[in-house]
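Written below as structure tokens is the structure these notes are about.
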Amino acid sequence: MRIVPVPCLADNFAYLLICEETGQAGVVDPAEAEPVLHCVAQEGVTLSAILNTHHHWDHVGGNKALLARQPKLKVYGHASDRGRIEGQTELLEAGAHFSVGKLAVRALHNPGHTSGAVSYVVQDAVFTGDTMFAAGCGRLLEGTPENMYHSLCKVIGSLPPETRVFFGHEYTEKNLRFAAQVEPDNADVQDKLAAVRALRAQGQFTTPSTLAAEWKTNPFMRTDSKSIQQTVRQSDPGNDLTPIAVLGAIRRMKDQF
Ligand code: ZN
Ligand code: FE
């Protein structure tokens, strides 16, 4: 397996998921076709599938042009996204399995950002779209804090800590600045912020993260942190500090950040 990030638009990541044994590849979230086709040519692989994490235009924007060139591509997305994903051919339910070349892929259903959000697990990698970012999560456009808590901490969070997390946007630096604000005594956040600033200053990307790093630095996965709970109490004195209420409160704070 080889995974190649393909930067698209201003800050999106598509990813080429390559089965080295067969030379087949799938593309996760082609925001645009051109950079994906360039990468496919550069890697010398055969594109056989599109794996969409959700229906937003900045994740499916390249589907149409890719299908125009290769009408037989399989297009994966959640069953409930039927009619919202251009060219969708495969309707996935939670736990569905399929393969790209000889790579076994498993779909997780992660409602929260959207109702049909999916993450794709392949060996030690997970593609999370706009559900889990490095040090953040997507806005709750079609879901509740409870949905997002479950998706992040229970479903994706059940994967092994060494799992590599390939997320949908380069938001890491801003996310860590927010994390530092809501959890000022978290040294892991400070360390990662310094490392990420250095990477970005060199024009490098921050993908992938790991689940272990997210448990240490992602405020939406740290709702039991006393420091985060204190921050929440200051802005929302009536908050009952359950994990779901804390996630909801910091998500509202992040919407204004
Ligand atoms: Zn989105
Ligand atoms: Fe997005």
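FYI, the numbering for the sequence shown is 27 to 283, going by the numbering used here.
Here a beta-carbon is modelled for each residue, glycine too, at the ideal position from N, C-alpha and C.
Could you work out which residue in the options is closest to residue i when comparing CA atoms only?
i: residue 133; options: 151, 273 and 228; result: 151
i: residue 271; options: 73, 220, 173 and 230; result: 173
i: residue 156; options: 192, 176 and 206; result: 192
i: residue 59; options: 44, 83, 48 and 50; result: 83
i: residue 87; options: 234, 34, 159 and 170; result: 34
i: residue 71; options: 36, 52 and 37; result: 52
i: residue 74; options: 102, 64, 68 and 120; result: 102
i: residue 106; options: 31, 168 and 227; result: 168
i: residue 65; options: 44, 80 and 170; result: 44
i: residue 176; options: 129, 274 and 220; result: 274
Label residue i either buried or exposed according to how many other C-beta atoms from any shown protein chain fall within 10 Å of its C-beta, with 16 as the threshold for buried.
i: residue 184; result: exposed
i: residue 186; result: exposed
i: residue 280; result: buried
i: residue 109; result: exposed
i: residue 149; result: exposed
i: residue 104; result: buried
i: residue 255; result: buried
i: residue 210; result: exposed
With respect to 7 Å, is the separation between the Cβ of residue i and the closest non-hydrogen atom of the ligand ZN below this value?
i: residue 107; result: no
i: residue 88; result: no
Taking only heavy atoms of the ligand FE into account, decide whether any of them is closer than 7 Å to the Cβ of residue i.
i: residue 84; result: yes
i: residue 103; result: no
i: residue 169; result: no
i: residue 194; result: yes
From the DSSP output, in three-state form, read off residue i for me.
i: residue 235; result: strand
i: residue 146; result: strand
i: residue 212; result: coil
i: residue 113; result: coil
i: residue 280; result: helix
i: residue 225; result: helix
i: residue 176; result: helix
Of all Cβ atoms in chain B, is any one closer than 8 Å to the Cβ of residue i?
i: residue 93; result: Considering every chain present, this structure includes no chain B. It has just one protein chain.
Decide yes or no for the touch test of the region 241-254 against the region 207-224: beta carbon pairs closer than 8 Å, at least 3 of them.
yes
Would you say the region 139-150 touches the region 253-267, given that touching needs at least three Cβ pairs under 8 Å?
Too few Cβ pairs lie closer than 8 Å, so no.
Pairs of beta-carbons, one from the region 163-171 and one from the region 111-125, closer than 8 Å: are there three or more?
no
Residues passing the C-beta test against the ligand NAP heavy atoms, cut-off 5 Å:
The ligand content of the structure shown is limited to the ligand ZN and the ligand FE, which means the ligand NAP is not among them.
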